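Here the structure is laid out as structure tokens; the discussion comes afterwards.
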Ligand SMILES: [Zn+2]
């Protein structure tokens, strides 16, 4: 596993400003790491990140940001803004988005390490605030709820919180170091079967068994999976399967996710999933309701921003290992189609550690994760600084964006069935 020490002297010479940003992260390390550890110890699932969002807001206020909580329609979304002191004659100057996440996984805690994302985003914002008097434009911090479920960032896009941004930067913890990633389009699917209760021994023929339909759905999906393309996924859990063995279940519920790296193929998967669920309902003689929510899109990594990130990371000896071929999904994909975006990963664990596991959760509070959090804060701040300092980089980022945005996928989750 690549190991790095953000306190070590960078391998390549840094500008004075970048050195000062790195020093500012170190000067505030106690506050940044305390935030990471507190959020890790108090995990809150999607849309319920009340403590985390309050702590993030408090920290930003302490460092001079004008803070909105809630920001937009989500109770736990945060926006912090700080204007640079160097106004430009040509206009207000760049607005660089420094993002953070803080939701946990139900029953697991911070198995995705989002505590390190909250802390590094705040850390980057704090570092940039120390140079605010020298910067043009505005530092825009966005605390984004509900990445694990529900696509909070799409809600924030709909709320207009990404309007006017010139770039969006967000680090994610991983078992490798890479700036580009192959995110899969995905949606959550809730399937509810409704039948009729009856005594399971004395008059079962009077019942309609919703659990039978649920079992048929899982079997149908299991057989279908063999025919799916390798870059597609379908997986689910049982949420409700009856309340007692002697009652024919009148209600059974499952939560699935379907995913693919190909938008057109994804649509065929969606249609087939609905057919399998409806077929299962018909076989059991029950009714079914299917609800798609929380669409995430594929990722459009911005080349110009990615090059800056890689150069800044290499100064600390962190070498990009190329895109992770085993991708999940993220609503950062949605952001990547509305503003130039990077969503780089940095390692907090060995490559043998699975994500969304107890091992990854525990690692997210270990000293290596802390050091990675500080490095991520430093690299986000330095990459943002590059954009404030050199307007041609923003032009290049938007040129890359325009060259790729024509391929913007229709957002999943915008229709229901
Ligand atoms: Zn995550």
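Numbering (the numbering used here), first residue to last: 272 to 688.
Glycine included, C-beta positions come from ideal geometry on N, C-alpha and C.
In this text the structure is predicted, and so the values were computed from the model without any measurement.
Among all the DSSP beta bridges, which residues are the ones paired with residue i?
| i | result |
| --- | --- |
| residue 524 | 463 and 511 |
| residue 668 | In DSSP, residue 668 forms no bridge with anything. |
Compare the Cα-Cα distances from residue i to each of the options and report the closest residue.
| i | options | result |
| --- | --- | --- |
| residue 658 | 399, 310 and 309 | 399 |
| residue 461 | 378, 341, 421 and 587 | 421 |
| residue 601 | 374, 348, 542 and 339 | 374 |
| residue 414 | 346, 300, 560 and 312 | 346 |
| residue 467 | 356, 329, 477 and 458 | 477 |
| residue 430 | 456, 636, 344 and 558 | 344 |
| residue 668 | 356, 593, 643 and 578 | 578 |
| residue 511 | 641, 504 and 524 | 524 |
| residue 627 | 599, 637 and 603 | 599 |
| residue 473 | 457, 483, 445 and 518 | 518 |
| residue 446 | 594, 427 and 672 | 594 |
| residue 418 | 410, 564, 672 and 629 | 564 |
| residue 302 | 393, 317, 351 and 426 | 393 |
Using the C-alpha atoms, what's the distance from residue j back to residue i?
| i | j | result |
| --- | --- | --- |
| residue 590 | residue 584 | 7 Å |
| residue 549 | residue 485 | 11 Å |
| residue 670 | residue 453 | 21 Å |
| residue 675 | residue 608 | 9 Å |
| residue 492 | residue 423 | 28 Å |
| residue 384 | residue 572 | 21 Å |
| residue 310 | residue 322 | 8 Å |
| residue 402 | residue 292 | 8 Å |
| residue 348 | residue 382 | 21 Å |
| residue 507 | residue 416 | 22 Å |
| residue 566 | residue 538 | 12 Å |
| residue 529 | residue 455 | 9 Å |
| residue 372 | residue 388 | 6 Å |
| residue 615 | residue 482 | 42 Å |
Evaluate residue i with the Cβ neighbour count: other Cβ atoms within 10 Å of its Cβ, from every protein chain shown; 16 or more gives buried, anything less gives exposed.
| i | result |
| --- | --- |
| residue 500 | exposed |
| residue 289 | buried |
| residue 623 | exposed |
| residue 470 | exposed |
| residue 596 | exposed |
| residue 629 | exposed |
| residue 356 | exposed |
| residue 513 | buried |
Are residue i and residue j close, meaning C-beta to C-beta below 8 Å?
| i | j | result |
| --- | --- | --- |
| residue 432 | residue 651 | no |
| residue 693 | residue 489 | Any property of residue 693 remains undetermined from this structure, which presents the chain solely from 272 to 688. |
| residue 325 | residue 306 | no |
| residue 437 | residue 367 | yes |
| residue 619 | residue 643 | yes |
| residue 479 | residue 557 | yes |
| residue 409 | residue 333 | no |
| residue 503 | residue 457 | no |
Is there at least one non-hydrogen atom of ligand 2 closer than 7 Å to the beta-carbon of residue i?
| i | result |
| --- | --- |
| residue 418 | For the structure depicted, ligand 2 is absent and the ligand set comprises only ligand 1. |
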